[in-house]
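Here the structure is laid out as structure tokens; the discussion comes afterwards.
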Amino acid sequence: MKVAIGGPLKLAFRPWVEGLENVPAEGPAILASNHLSFSDSFFLPAVLDRKVTFIAKAEYFTTPGVKGRMTAAFFKGVGQLPVDRSGARGAGEAAIKSGIEVLERGELFGIYPEGTRSPDGRLYRGKPGGLARVALATGASVIPVAMIDTEKIQPPGQVVPKLMRPGIRIGKPLDFSRYQGMEHDRFVLRAVTDEVMYEIMKLSGQEYVDMYATAMKRQLAEAAKAEREAEKAARAAVGRADKEQAEKLRAAMEQADRGQAGGPSER
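Residues in the sequence shown are numbered from -7 upward in steps of one, following our numbering.
Here you go:
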């Protein structure tokens, strides 16, 4: 990652960074970041001297064929861990287990508390399960991170990134040792997550939305579907109206033809 991707990435995009001194030179820590683009998982590790381990869906590692093997090799090379999303509790428990293992090795664990990329550039409510439970189970400090303008470089669905400078702001570590042993208290998990999201909001300057990004994506998908159906219905209605108008015009022409065929009677 550092040699094959990190160097060229920094050379091409020249990301600016604030707060590098807040990342410890050694020992475990959690990097909790907003999530604007697929490229976030590359820009952040590229500017750090230490390895950062993120989690990724298992499908990236199990797809068959040459392309699948290349994809798996790529994600392993950039420090991503596969997470099996099947089972009763899905990705949440798998992410927690993976995060704890990374931190127990004394490494850096990267996580996106929103759970998915922001659909519109705003900051959404953090999910309390993964981040807070990993932090309280391990005692690792949480370092808030704000990615700046990465959504402009590579919006969802865009393959070729736009050349421009992204920014990365790294905040001071947050200590949640006062909640040690309370990782199963949902009110504590909510409090920890909200405190981290507040720090990310201050660093990023994003507008905060008190709902989950996944819920907003569902709303947007449903709205887009309703709009497509409305457009389809409108086209169908126009088509029916055009057909009725054409039939009326044809009937009028036929009536006119019959009138001309009869002509005036001879005396």
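Even for Gly, the Cβ is constructed at its ideal location relative to N, Cα and C.
Residue i, enclosing alpha helix (DSSP H) - first and last residue
| i | result |
| --- | --- |
| Arg170 | Run containing Arg170: none; DSSP gives neither H nor E here. |
| Ala(-4) | No alpha helix (DSSP H) contains Ala(-4), which DSSP labels as neither H nor E. |
| Pro74 | Here Pro74 belongs to no alpha helix (DSSP H); instead the beta strand (DSSP E) covers 72 to 75. |
Assigned secondary structure, residue i (DSSP; H/G/I helix, E/B strand, else coil)
| i | result |
| --- | --- |
| Ala124 | helix |
| Pro148 | coil |
| Tyr116 | strand |
| Arg178 | helix |
| Pro136 | strand |
| Val44 | strand |
| Gly159 | strand |
| Val201 | strand |
| Val58 | helix |
| Val9 | strand |
| Ser29 | coil |
| Arg109 | coil |
| Ala50 | coil |
| Val15 | coil |
| Lys240 | helix |
| Asp141 | coil |
| Lys217 | helix |
| Pro153 | coil |
| Val39 | coil |
For residue i, the first and last residue of its enclosing beta strand (DSSP E)
| i | result |
| --- | --- |
| Ile103 | 100 to 103 |
Spatial neighbours of residue i in its chain, beta-carbon cut-off 6 Å, leaving aside the 5 residues before and after
| i | result |
| --- | --- |
| Ala(-4) | none |
| Val134 | Ile22, Ala24, Ala127, Leu166, Val188 |
| Glu199 | Arg114 |
| Thr142 | Leu28, Ser29, Ser31, Asp32, Pro158 |
Own chain residues within Cβ distance below 7 Å of residue i, not counting five before or after
| i | result |
| --- | --- |
| Val44 | Leu23, Leu36, Pro37, Gly71, Leu100, Gly102 |
| Ala205 | Glu106, Gly107, Thr108, Ser110, Pro111, Tyr116 |
| Gly267 | Because the chain in this structure spans residues -7 to 259, residue 267 falls outside the shown range and cannot be described. |
| Arg210 | none |
Cross-strand partners of residue i (DSSP beta bridge)
| i | result |
| --- | --- |
| Ile22 | Phe101, Val134 |
Residues near residue i in its chain [Cβ-Cβ closer than 8 Å; skip 5 each side]
| i | result |
| --- | --- |
| Gln146 | Ser29, Phe30, Ser31, Pro153, Lys154 |
- Using 8 Å as the threshold, is the stretch 117 to 135 in touch with the stretch 87 to 100, meaning 3 or more CB pairs across them? In this structure the stretch 117 to 135 touches the stretch 87 to 100; the number of beta carbon pairs closer than 8 Å is three or more.
inquiry  = Does the contact criterion of 3 or more C-beta pairs under 8 Å hold for the stretch 141 to 157 versus the stretch 2 to 19?
reply    = The stretch 141 to 157 is in contact with the stretch 2 to 19.
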